[in-house]
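**Student:** Chains as they are written, first to last, in our numbering: chain F, 113 to 316; chain R, 307 to 948.
#1: Given 8 Å as the limit, is there contact between the stretch 694 to 704 of chain R and the stretch 466 to 473 of chain R, that is, 3 or more CB pairs closer than that?
#2: Would residue 927 of chain R pass as a contact of residue 847 of chain R if the rule is Cβ separation under 7 Å?
#3: Cα separation between residue 316 of chain F and residue 282 of chain F?
#4: How long is the line joining the alpha carbons of residue 122 of chain F and residue 139 of chain F, rounded to whole angstroms?
#5: Ordered along the chain, which non-local residues of its own chain (more than five positions away) have a Cβ less than 6 Å from that of residue 555 of chain R?
#6: Which residue marks the beginning of the beta strand (DSSP E) containing residue 807 of chain R, and which one marks its end?
#7: Could you work out which residues of chain F lie near residue 777 of chain R, taking near to mean beta carbons separated by less than 8 Å?
#8: Which complete beta strand (DSSP E) runs does the stretch 318 to 360 of chain R hold, if anything under 3 residues is left out?
#9: Helix or strand or just coil, what does DSSP make of residue 311 of chain R?
#10: Buried or exposed: residue 114 of chain F, going by 16 or more other Cβ atoms within 10 Å of its Cβ?
#11: At what residues does the beta strand (DSSP E) containing residue 867 of chain R begin and finish?
#12: In chain order, what residues of the same chain have a beta carbon less than 6 Å from the beta carbon of residue 734 of chain R, not counting five sequence neighbours either side?
#13: Could you please give me the residues that DSSP links to residue 267 of chain F through a beta bridge?
#14: Below 9 Å on C-beta distance, what does residue 629 of chain R contact in chain F?
#15: Please report the Cβ distance between residue 724 of chain R and residue 753 of chain R, rounded to the nearest whole angstrom; I am assuming they are in contact, meaning their Cβ atoms lie under 8 Å.
#16: Assuming residue 546 of chain R and residue 570 of chain R are in contact, meaning their beta carbons sit under 8 Å apart, how far apart are those beta carbons, in whole angstroms?
#17: What's the call for residue 882 of chain R, buried or exposed, on a 16-neighbour Cβ count within 10 Å?
#18: May I ask you to report which of helix, strand or coil DSSP gives residue 424 of chain R?
#19: With a floor of 4 residues, list each alpha helix (DSSP H) that falls wholly inside the stretch 694 to 737 of chain R, ordered by position along the chain.
#20: Taking only the alpha-carbon atoms, compute the straight-line gap between residue 310 of chain R and residue 447 of chain R and give it to the nearest angstrom.
#21: To which residues of the same chain is residue 490 of chain R closer than 8 Å at the C-beta, ignoring the five residues directly before and after it?
#22: Of all the beta strand (DSSP E) runs that stay within the bounds of the stretch 653 to 699 of chain R, which reach a length of 3 or more residues?
#23: Quick one: list the residues of chain F neighbouring residue 826 of chain R, beta-carbon separation under 9 Å, in chain order.
#24: By DSSP's criteria, residue 647 of chain R is part of a beta bridge. Which residues make up the other side?
#25: What residues from chain R crowd round residue 231 of chain F, counting only those whose CB sits closer than 9 Å?
#26: Ends of the alpha helix (DSSP H) at residue 845 of chain R?
#27: Can the beta-carbon of residue 611 of chain R be found less than 7 Å from the beta-carbon of residue 524 of chain R?
#28: Quick one, are the C-beta atoms of residue 373 of chain R and residue 342 of chain R less than 7 Å apart?
#29: From which residue to which residue does the alpha helix (DSSP H) around residue 579 of chain R run?
#30: Residue 293 of chain F versus chain R: which residues are under 9 Å apart at the beta carbon?
#31: Determine, for residue 781 of chain R, whether the minimum Cβ-Cβ distance to residues of chain F falls below 7 Å.
#32: Against chain C, which members of the stretch 184 to 207 of chain F pass a CB distance test of less than 8 Å?
#33: At 9 Å on the CB atoms, spell out the chain F contacts of residue 607 of chain R, in chain order.
#34: Which residue marks the beginning of the alpha helix (DSSP H) containing residue 613 of chain R, and which one marks its end?
#35: Measuring CA to CA, which of R/684, R/336, R/729 and R/328 is closest to residue 715 of chain R?
#36: Taking residue 788 of chain R as the query, report the chain F residues whose CB atoms sit under 8 Å from its CB, ordered along the chain.
Below is the structure:
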């Protein structure tokens, strides 16, 4: 595969053609924050935290680096006043849901985000979709999915599948940037299969 | 019906249809669009058929339910040809008189024709009615002339001639060039040049290619595409087949929302009839070109009007926009080159091919060619669909065609472009309607929604309403849209309920910047527009709500107070009896007083107080005067002897 040459934060970076700017940056040890990205998964483009400024063909624009393909002669800036402003706001919006998430708090400190900027609506889940996509793409199990849309969007385990698949797996738990996932699982398993929790653990 | 094997056979059928129709002396067209049907058009059609039969006129008079001609305010609409007499708000009871006076005697039933509200002057012919006179109805004008359920009607007005011309006289490249030359821009929202989109797909690698009709019309108050699909489905199919031929696609889709059952029914029927005539399917009219169309019903998500979300939904997955940075005309449906155009865009295609790009470009402005259909709704005298040349001013649409604001109220703003559009104030009424002109003013053409607002509309509440719509219709995938609109709605709701705080405007602006700059798709990127445009032109209303807890339009319930003016009240008991909550204390001869603890601010007392007293007052941002002391509440009526 051919290579492309671009500049990220002043560094000359080589990347394989077809790689995203995020992948190119990672390979060159340039850190770009993400919440919904996972190397084993298809890029999602949902959290928008990895937004960067790209200058190409004489024009500068904001793009999400997890999806935008790296190309020759791009000049990428991973931190600028506007990028930082967007990241700060995204973190503040998410902290309203998961005010105690260590991942969010740490990023929040970097970008000066105020965890109390918005009224709390503590749903804990920030809809990054890591669990949903991991379960579908890597485990091919589809035991957890999204429900509804817009501001009512939520994750939920599907009891029939979860009862069959999840006790042996639980690989999605550590992916969750908040504590919402485990709680959702415990909730659905205890509601749908009362007593099941006492029988299954011996096997795992 | 035997399948037509050549253009000559199609022409022969057309001539036979026309010849057969020469036998009839009159035609009764009754609008059978969704609006007129809701006001009883089907009963009117049945009444005409029965009356014409009982008069023994069945062989002479052709009665048909047609597509919507747009004057929805005054439906059911009936037009009698060849005289083109237009009757408004017709009921089944009017039918015998119309048949006797107009069909038999060639006279006019004066009481059913349009009369100018001021001068009283009547306009019996459709083309003389001011609502129609200032329009340029090249696309929607055929609706009233055809029964959408009968392909013969479409053929009789020259239908599918554009397809014949494209297939037999033009190369696919020439069709693309003609559309490019016409500068037809997408009627669905963004106004992207259709010809360039087609060319991109034609040149893109990958087979098969697809052409798609976006009929997922979802803007509140908008029904242009609905009227076209219901009223003239063959025109859209013809455009789609031409598009397929031009880009090298053999499969087409119509993505239509299932909330439009009549549109679904009529388009399915049209496909069936076109297939039976050899106008769809294998080897169309012997040209060697194959093309099929599938109808896909959407499940009612506004976001599926977004091109990539629509294509994802067509693939059978959840309708969410794709995050990719590739154009869907290069990699669209199933990753194949796909041209997606709006209903109205497709309906323009046969006209352009038939009449040529030079004809089309005679309409409109330098950068916006042709006409545009708007659904004119809200506080407007003539609600309905209007088709106007690009470049007409908002003032002409609202006052000359729309007949102005009803009830003697003042114009305040016009919202164009649907939920992603913006509100324009009176100072911009002379703005020319065009894609770029509207965008520069902070609004957009969108698909053609046009909501007129009067002095009683609160602009902060308008922004709140649209944000509420968008939080519900956002797919929820990306944070700036899902969480940004959620917080914007919270703040706007607080402002309209008197809980606005200093700094709210700035916070809304900051949220807007992030939504515009960082959202995944056009829904999120344009979601702040209702706020941004109302702030730009009506900032004083935001400030009054926040700083003075005052709603200048006296529309926000939480910021309004009702009281009864003691000097004016004549203790007539009208409001006291009508108050549904028993909040008005009073008696005959005892001045009425509203108990604020019981009052729900429903406003009924304000509406029912006789205008000659005008005693119930509505205020905002100020305290109501204290009620009169108990001993001062008795009215001593002036007796006639003094």
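Each residue gets a CB set at the ideal place from its N, CA and C atoms; glycine is no exception. Quantities reported herein were computed from a predicted structural model and do not represent experimental measurements.
**Tutor:** Let's see:
#1: no
#2: Residue mapping note: residue 927 of chain R aligns to position 621 of the second chain, counting from 1. Residue mapping note: residue 847 of chain R aligns to position 541 of the second chain, counting from 1. No, the pair does not count as a contact, with Cβ atoms beyond the cut-off.
#3: In the first chain, counting from the first residue as 1, residue 316 of chain F sits at position 204. In the first chain, counting from the first residue as 1, residue 282 of chain F sits at position 170. Its pLDDT being 34, under 50, residue 316 of chain F is placed unreliably in this model, and the coordinates cannot settle the point.
#4: Translated into the one-based positions of the first chain, residue 122 of chain F becomes position 10. Translated into the one-based positions of the first chain, residue 139 of chain F becomes position 27. The straight-line gap from Cα to Cα measures roughly 15 Å.
#5: If you number the second chain from 1, residue 555 of chain R lands on position 249. Once the five neighbours on either side are set aside, the close Cβ partners of residue 555 of chain R are 515, 516 and 517.
#6: Along the second chain, read from residue 1 onward, the residue named residue 807 of chain R stands at position 501. Where residue 807 of chain R is concerned, there is no enclosing beta strand (DSSP E), given that its DSSP letter is neither H nor E.
#7: What you label residue 777 of chain R is simply residue 471 of the second chain in a count that begins at 1. Those are 262 and 263, listed as they occur along chain F.
#8: 332 to 337
#9: Locating residue 311 of chain R in the second chain gives position 5, counting from the first residue. Reduced to three states, the DSSP call for residue 311 of chain R is coil.
#10: Counting from 1 along the first chain, the entry for residue 114 of chain F is found at position 2. Exposed, by the Cβ-count rule.
#11: What you label residue 867 of chain R is simply residue 561 of the second chain in a count that begins at 1. Looking at the DSSP string, the run of the beta strand (DSSP E) that includes residue 867 of chain R is 866 to 870.
#12: If you number the second chain from 1, residue 734 of chain R lands on position 428. Taken in chain order, the residues that qualify are 747.
#13: Within the first chain, residue 267 of chain F is the residue found at index 155, counting from 1. F/258, per the DSSP bridge assignment.
#14: Along the second chain, read from residue 1 onward, the residue named residue 629 of chain R stands at position 323. Neighbours of residue 629 of chain R on chain F, chain order: 155, 156, 157, 158, 176, 178 and 179.
#15: Walking along the second chain from the start, residue 724 of chain R turns up at place 418. Walking along the second chain from the start, residue 753 of chain R turns up at place 447. Right, the Cβ-Cβ distance comes to about 6 Å (below 8 Å), so this counts as a contact.
#16: Working through the second chain from its first residue, we reach residue 546 of chain R at position 240. Working through the second chain from its first residue, we reach residue 570 of chain R at position 264. Residue 546 of chain R to residue 570 of chain R, Cβ: 16 Å. No contact.
#17: For the purposes of this step, residue 882 of chain R is taken as the residue at position 576 of the second chain. Flag for residue 882 of chain R reads buried.
#18: Counting from one through the second chain, the residue named residue 424 of chain R turns up at place 118. Note: residue 424 of chain R maps to coil in three-state DSSP.
#19: none
#20: Taking the second chain and counting its residues from 1, one reaches residue 310 of chain R at position 4. Taking the second chain and counting its residues from 1, one reaches residue 447 of chain R at position 141. Between residue 310 of chain R and residue 447 of chain R, the C-alpha separation is close to 28 Å.
#21: By one-based count along the second chain, residue 490 of chain R stands at place 184. The answer, listed in chain order, is 499, 500, 501, 651, 654, 655, 658, 666, 675 and 676.
#22: 677 to 684 and 690 to 695
#23: Here residue 826 of chain R corresponds to residue number 520 of the second chain, with the count starting at 1. In chain order: 157, 158, 160 and 176.
#24: Along the second chain, read from residue 1 onward, the residue named residue 647 of chain R stands at position 341. Its beta-bridge partners are R/519.
#25: Within the first chain, residue 231 of chain F is the residue found at index 119, counting from 1. Within chain R, the residues near residue 231 of chain F are 793 and 796.
#26: As a working mapping, residue 845 of chain R is identified with position 539 in the second chain. It spans 835 to 853 - the alpha helix (DSSP H) in which residue 845 of chain R sits, taken as one unbroken run.
#27: Taking the second chain and counting its residues from 1, one reaches residue 611 of chain R at position 305. Taking the second chain and counting its residues from 1, one reaches residue 524 of chain R at position 218. Yes; because the gap between Cβ atoms is below 7 Å, this pair is in contact.
#28: One-based indexing of the second chain puts residue 373 of chain R at position 67. One-based indexing of the second chain puts residue 342 of chain R at position 36. The answer is no: Cβ separation not under 7 Å.
#29: By one-based count along the second chain, residue 579 of chain R stands at place 273. Taken as a continuous stretch (DSSP letters only), the alpha helix (DSSP H) holding residue 579 of chain R covers 567 to 582.
#30: Position 181 of the first chain, counted from the first residue, corresponds to residue 293 of chain F. Under the 9 Å cutoff, chain R gives no residues; its nearest Cβ is about 17 Å from residue 293 of chain F.
#31: On the second chain, residue 781 of chain R is found 475 positions in, with the first residue counted as 1. Residue 781 of chain R counts as touching chain F.
#32: Here the protein chains are F and R, and chain C is not one of them.
#33: As a position in the second chain, residue 607 of chain R is number 301, starting the count at 1. Those are 261, listed as they occur along chain F.
#34: Position 307 of the second chain, counted from the start, is the residue given in the question as residue 613 of chain R. Taken as a continuous stretch (DSSP letters only), the alpha helix (DSSP H) holding residue 613 of chain R covers 613 to 620.
#35: Position 409 of the second chain, counted from the first residue, corresponds to residue 715 of chain R. Of R/684, R/336, R/729 and R/328, the residue nearest in Cα terms is R/684.
#36: Walking along the second chain from the start, residue 788 of chain R turns up at place 482. What residue 788 of chain R touches in chain F: 239, 262, 263 and 265.
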